[in-house]
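Here the structure comes first, spelled out in structure tokens, and everything after it is commentary.
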Amino acid sequence: MNIQLEHNEHHQAVVTVDLDPTQIEQKKQQAARKLARNTHIPGFRPGKAPYPMVIRHIGEGRILEEAIEGLIDEIYPKMLDESGVKPYGPGKLESLKLEDTPPTAIFIVPLAPEVHLGDFQSVRLPYDKPELKDEDVTKAIEGMREMYAEVTVVERPAEESDLVNIILTGKLTDDEETAPFIDHESYPVIIEPEKSATDTEWPFPGFSRMLIGTTAGETKSTTYTYPEDYEDDDESPVSLKGRTATFEIEVNKVSSRQVPELNEDFIKKMGPYETVEEFEADTRKQLLERNGSSYDEEYDEHLLEELLKDTTINYPQEAIDDEVDLVFNRLKNRLENQGIGFDIYLKARNTTEEQIREELRPGAEQRLKESLLLIEIAGKENVQVSPEEIQHEVEHALGHLLSGMTEKEARRTLNDDALRGLTANIYNNTLLTKTLQHLRDMASGELEKRAAATALEEEISTEDAPEPVAEEPALATEPPAEMPETLPDETAPADSPAETTE
Numbered sequence: 004m005n006i007q008l009e010h011n012e013h014h015q016a017v018v019t020v021d022l023d024p025t026q027i028e029q030k031k032q033q034a035a036r037k038l039a040r041n042t043h044i045p046g047f048r049p050g051k052a053p054y055p056m057v058i059r060h061i062g063e064g065r066i067l068e069e070a071i072e073g074l075i076d077e078i079y080p081k082m083l084d085e086s087g088v089k090p091y092g093p094g095k096l097e098s099l100k101l102e103d104t105p106p107t108a109i110f111i112v113p114l115a116p117e118v119h120l121g122d123f124q125s126v127r128l129p130y131d132k133p134e135l136k137d138e139d140v141t142k143a144i145e146g147m148r149e150m151y152a153e154v155t156v157v158e159r160p161a162e163e164s165d166l167v168n169i170i171l172t173g174k175l176t177d178d179e180e181t182a183p184f185i186d187h188e189s190y191p192v193i194i195e196p197e198k199s200a201t202d203t204e205w206p207f208p209g210f211s212r213m214l215i216g217t218t219a220g221e222t223k224s225t226t227y228t229y230p231e232d233y234e235d236d237d238e239s240p241v242s243l244k245g246r247t248a249t250f251e252i253e254v255n256k257v258s259s260r261q262v263p264e265l266n267e268d269f270i271k272k273m274g275p276y277e278t279v280e281e282f283e284a285d286t287r288k289q290l291l292e293r294n295g296s297s298y299d300e301e302y303d304e305h306l307l308e309e310l311l312k313d314t315t316i317n318y319p320q321e322a323i324d325d326e327v328d329l330v331f332n333r334l335k336n337r338l339e340n341q342g343i344g345f346d347i348y349l350k351a352r353n354t355t356e357e358q359i360r361e362e363l364r365p366g367a368e369q370r371l372k373e374s375l376l377l378i379e380i381a382g383k384e385n386v387q388v389s390p391e392e393i394q395h396e397v398e399h400a401l402g403h404l405l406s407g408m409t410e411k412e413a414r415r416t417l418n419d420d421a422l423r424g425l426t427a428n429i430y431n432n433t434l435l436t437k438t439l440q441h442l443r444d445m446a447s448g449e450l451e452k453r454a455a456a457t458a459l460e461e462e463i464s465t466e467d468a469p470e471p472v473a474e475e476p477a478l479a480t481e482p483p484a485e486m487p488e489t490l491p492d493e494t495a496p497a498d499s500p501a502e503t504t505e
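Taken in order, the sequence shown gives residues 4 to 505; the numbers are from the working numbering.
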């Protein structure tokens, strides 16, 4: 097979293949017989009409189309094998020139991603996990106590720490045509102490304290201009960055809150705790785990950013499209789990599916780069996932997936294909997670510390080991079992064999 191979700027192979005219004619004959078997041609049994008659009834164009399809199915795998092209996915027939001599076919094939790593082993990033302070534990416990506060409706103006139920409408002041991004929705709002106000308060900082002094049945309006660097919520129907919004507030009711004491009665509501000290210790443990995970996520994000600076990654457009599909489908599933239809979501955001996909594309491309980077490093560093790890994770996932299902529902949900897909996903996720942990240990210097500690232990072990005692040769008490009767002649030359008497 005569092949010409080129590469374009889109990480695709452009493969030109010379076709054999004889092979094309054979495929046309085969195609004619195949089509004739399903075509009624007067005077002939199915599949028995001569080739010219089949052309007359079916048309040469239809026969050629069927022939080319069969020809491509036959030569495409051979073309990949002989050209050495490593495809990312299916290629496509770009053009077919049957009038050329010889006839040619040009294929466009997306290439498998390529990763060219920099000196990733030399990247260092300080790992300084913040300590958990006592006041952090106290604040977390106070938050739990707040959740269990007893609420009593009051007939007085709202005060600090009260719970105020409102109906809220929010609309952009610079866009009268756009529907409200908050449309007459009910919200419970706790009036936060002034010292506790944060920049993350919703819908804007200081909102709750605006309700101080309001009473049930009262209405109030206010405006707020969001900063240019405001971070929009992923599910917000509009972008609020740098825009001014008007809020209409209707107060439904005002309630006082009685926060429970931190005692045995309260901790028993929180779990199987016997003492307040046990509850506080478990709260501290959970905070350490949660804060540690949050710090690791932030650390990993910076680490991957540094590693990508010195890495060249090439991939075809199809790889990005597949990643966008994955993220898009996860969004739809999440909305469905929340009881929100995708059509309703699009209408609320006044957007289209295509626009949503374009919004997801930058994040999807970043995820693709990170995954390709980690997979390449996993191979270089020989990161392994054991069968036991996979089995453990699969069993854990199945426990959540099949929880509450009947046996029939479980069998229908978990067919062979689904189980294979689940196992493959778990393997990939576990490999990426272990590789990221390995990189974290490498960049933070933890691997070097372990290596130094191991070397020191080996050195100490060697120094402490008792020195071997040399064994003294045993004294001979008996003559050798065999002894020549006559000793060699001492006058014999050194290089000549000694004579012995038998």
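Cβ atoms here follow ideal geometry from the backbone N, Cα and C, with glycine treated the same way.
Straight-line gap, residue i to residue j (C-alpha atoms, nearest Å)
i      : j      : result
Glu267 : Gly274 : 11 Å
Leu507 : Thr438 : Nothing about residue 507 can be read from this structure; the chain reaches only from 4 to 505.
Tyr302 : Leu442 : 11 Å
Asp520 : Thr315 : For the chain, the structure presents residues 4 to 505; residue 520 sits outside this window and is missing.
Glu410 : Asp420 : 18 Å
Thr218 : Thr181 : 31 Å
Met213 : Asn353 : 30 Å
Tyr430 : Glu300 : 20 Å
Gln124 : Val140 : 38 Å
Lys271 : Gln261 : 18 Å
Glu153 : Val192 : 15 Å
Arg423 : Arg333 : 19 Å
Glu461 : Leu450 : 17 Å
Glu308 : Glu373 : 9 Å
Leu435 : Ser297 : 18 Å
Ala477 : Asn385 : In this predicted model, Ala477 has a pLDDT of only 48, less than 50, meaning its place in the structure is not dependable enough to derive any value.
Met150 : Ser259 : 13 Å
Glu361 : Glu283 : 47 Å
Glu221 : Ala248 : 20 Å
Glu292 : Pro133 : 12 Å
Leu338 : Glu85  : 47 Å
Pro196 : Glu204 : 12 Å
Leu8   : Pro106 : 16 Å
Ala455 : Gly402 : 42 Å
Leu67  : Lys31  : 6 Å
Thr480 : Ser464 : For Thr480, the pLDDT reaches just 42, beneath the cut-off of 50, and the residue's location in the model is therefore unreliable, although a value from the coordinates is still provided. Computed Cα separation, rounded: 41 Å.
Other residues of its chain near residue i: CB distance less than 8 Å, five sequence neighbours each side excluded
i      : result
Thr416 : Leu404, Leu405 and Met408
Ile75  : Leu96 and Ala108
Thr433 : Val388, Glu392, Ile393 and Glu396
Leu265 : Ile144, Arg148 and Val279
Glu12  : none
Same chain, Cβ closer than 6 Å to residue i, five either side skipped, listed in chain order
i      : result
Glu117 : Asn317
Asn184 : In the sequence as presented, Asn is not what sits at residue 184; that position holds Phe. Gly173, Pro240 and Val241.
Asn5   : Asp21
Pro113 : Gln15, Tyr91, Gly92, Pro319 and Glu321
Phe47  : none
Tyr54  : Ala35
Cutoff 7 Å; reference residue i; Cβ partners in own chain excluding five residues on either side
i      : result
Tyr190 : Ile169 and Leu171
Ile215 : Ala161, Glu162, Glu163 and Ile194
Ile111 : Gln15, Val17, Gly94, Lys95 and Glu97
Leu290 : Leu135, Asp139, Val140 and Ala143
Lys223 : Thr217 and Ile252
Leu243 : Tyr229, Tyr233 and Asp235
Ala381 : Leu434 and Thr438
Ala446 : Val126, Arg127, Leu128 and Leu306
Enclosing alpha helix (DSSP H) for residue i [first to last residue]
i      : result
Ile144 : Asp137 to Met150
Tyr348 : Phe345 to Arg352
Asp186 : Asp186 -> not in any alpha helix (DSSP H); beta strand (DSSP E) instead, spanning Ile185 to Ile193.
Glu117 : Looking at the DSSP string, Glu117 is not in any alpha helix (DSSP H); the run it does join, the beta strand (DSSP E), is Glu117 to His119.
Thr222 : Careful: Thr222 lies outside any alpha helix (DSSP H), inside the beta strand (DSSP E) at Thr222 to Thr228.
Glu398 : Pro390 to Leu404
Thr438 : Asp419 to Ser447
Gln369 : Glu356 to Lys383
Glu412 : Glu410 to Thr416
N-terminal and C-terminal residue of the beta strand (DSSP E) that residue i is part of
i      : result
Leu171 : Leu166 to Leu175
Ala16  : Gln15 to Asp21
Glu7   : It should be pointed out that residue 7 corresponds to Gln in this sequence rather than to Glu. Looking at the DSSP string, the run of the beta strand (DSSP E) that includes Gln7 is Ile6 to His10.
Met154 : According to the sequence shown, residue 154 is Val rather than Met. Val154 -> beta strand (DSSP E) spans Glu153 to Val156.
Below-8 Å beta-carbon distance, residue i vs any chain B residue
i      : result
Gly245 : Checking the listed chains, one finds no chain B in this structure; it contains a single protein chain.
**Message:** Would the stretch 390-397 count as touching the stretch 321-328 if we require 3 or more Cβ pairs under 8 Å?
**Reply:** no
**Message:** What ranges does the beta strand (DSSP E) occupy inside the stretch 57-107, keeping only unbroken runs of at least 3 residues that lie completely in it?
**Reply:** 95-100
**Request:** Could you tell me which uninterrupted alpha helix (DSSP H) segments, each at least 4 residues in length, are contained entirely in the stretch 260-320, listed from first to last along the chain?
**Result:** 267-273 and 279-312
**Validate contact between the stretch 64-80 and the stretch 94-114 using beta carbons, cut 8 Å, 3 pairs** = yes
**Asked** Okay, do the stretch 60-76 and the stretch 24-37 touch, 3+ Cβ pairs below 8 Å being the bar?
**Response** yes
**Message:** Check whether the stretch 33-47 and the stretch 58-67 are in contact - that is, three or more C-beta pairs closer than 8 Å.
**Reply:** yes
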